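Under UniProt numbering, think of the first position of the sequence shown as 1, with each following residue one higher.
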Amino acid sequence: MSGAAAQADVFGEHYERALRTPTGPLLLREAASSDGTRHDLDRYLGEADEVEVRLTRDLPAPVLDVGCGPGRMVRAAREAGLSALGVDVSATAARIARRRGIPVWHGSVFDALPAEGAWGTALLLDGNIGIGGDPLALLVRCRALVRPDGRVIVETHTDSRRDRRFYGVLADADGTAAGEPFPWAELGRRPLRRWSREAGLVLVREWSARGRTFAEYARPAQSSTQPLSTAQPLSAAPPLSRAQSRSVAGRFSR
1 MSGAAAQADV FGEHYERALR TPTGPLLLRE AASSDGTRHD LDRYLGEADE
51 VEVRLTRDLP APVLDVGCGP GRMVRAAREA GLSALGVDVS ATAARIARRR
101 GIPVWHGSVF DALPAEGAWG TALLLDGNIG IGGDPLALLV RCRALVRPDG
151 RVIVETHTDS RRDRRFYGVL ADADGTAAGE PFPWAELGRR PLRRWSREAG
201 LVLVREWSAR GRTFAEYARP AQSSTQPLST AQPLSAAPPL SRAQSRSVAG
251 RFSR
């Protein structure tokens with residue numbers, strides 16, 4: 001298991017408690033710094049916004065939302081008629097989602113997951129390109145999860161040159177941090193191009209909407225193309241039929 005896999009998306013008890021009893025935004029910051037990125041839990045606990053709903057309209061199904069939290073994007077994709085599943089290490093997030101009827105797989109993206117190599121889209125929104133502190137390892141993993149010609153959608157840092165890896169903590173509104181530092185990363189669209197190329201992904205498009213920035217990458221249809229960073233063979237599952245893609249996520253919620 002890689003270092004990224006061993007430490008992936010570890011927010012800890014501070015995040016769990018904030019989801020159970022939200023009292024305001026959390027600040028994800030470097031352990032030795034007071035500056036950081038604001039994470040609005042009310043938004044994560046709410047419905048997908050206009051930008052996110054529009055995003056779901058063009059996604060190849062089935063959709064896997066990596067680091068899905070309470071599942072707003074999974075719900076949005078399903079309401080758009082797509083089969084979708086979320087994956088998150090937070091037990092609280094998974095429970096909240098399931099109470100709402102949203103299918104979420106409780107575990108790490110680096111664990112064995114349903115339908116590996118057959119997903120139409122893997123989503124990395126809300127800064128989740130930072131999971132595990134190793135963007136390349138995460139992109140290689142997402143490439144393995146999607147089918148040939150599948151998509152990986154990444155929400156990037158608004159600073160296009162941002163390329164930062166660090167040990168972070170979560171702090172509440174008064175600056176109080178709790179839990180052990182965890183590896184994280186922040187990535188703008190320019191360094192993402194380089195890491196994605198190394199992971200064997202091809203840029204499809206980049207765009208901005210309502211102050212947020214996104215990039216879409218594809219796994220090449222020729223599945224013999226291997227990521228430069230690994231010699232391990234990836235799944236070469238054929239594309240799903242429309243009927244299969246509609247049903248695959250629903251069979252694997254737990």
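Glycine included, C-beta positions come from ideal geometry on N, C-alpha and C.
Source: prediction; values computed, not measured.
Assign residue i to buried or exposed, taking buried as 16 or more other Cβ atoms, counted over all protein chains shown, within 10 Å of its Cβ.
i	result
T141	In the sequence as displayed, the identity of residue 141 is Arg instead of Thr. Buried: at least 16 other Cβ atoms inside 10 Å.
D58	exposed
E50	exposed
G150	buried
V204	exposed
A209	exposed
R143	buried
G168	buried
R161	exposed
R194	exposed
Would a C-beta distance cut-off of 9 Å place residue i and residue j closer than the cut-off?
i	j	result
L170	T92	no
F110	G132	yes
L85	V53	no
P148	A221	yes
A199	L136	yes
T156	R189	yes
A118	W105	no
R72	L45	yes
T158	R212	yes
D172	G24	yes
A122	V89	no
Using the Cα positions of residue i and residue j, report the straight-line distance between them to the nearest angstrom.
i	j	result
Y15	A76	23 Å
P70	E47	10 Å
L138	L192	12 Å
V66	S108	9 Å
T176	R17	13 Å
V154	A215	5 Å
G120	L145	9 Å
R78	G101	11 Å
L113	V87	9 Å
W207	G179	35 Å
A61	I129	21 Å
V202	P183	26 Å
R98	V74	11 Å
D134	T21	30 Å
A115	L187	28 Å
R165	Y217	22 Å
R29	A185	11 Å
P103	L26	25 Å
R43	P181	24 Å
So what's residue i in DSSP terms, helix, strand or just coil?
i	result
I153	strand
A18	helix
S208	strand
R147	strand
L201	coil
L228	With a pLDDT of only 49 at L228, under 50, the local geometry of the prediction cannot be trusted, and the value read off the model is given with reservation. Coil.
T56	helix
R162	coil
P191	helix
E30	strand
E47	coil
Just to confirm, does residue i get its C-beta within under 8 Å of one of the non-hydrogen atoms of the ligand FMN?
i	result
L45	With respect to small molecules bound, the structure shown includes none, and the ligand FMN cannot be examined in it.
Can you list, in chain order, the stretches of the alpha helix (DSSP H) that have 4 or more residues and sit fully within the region 59-141? 72-79, 91-99
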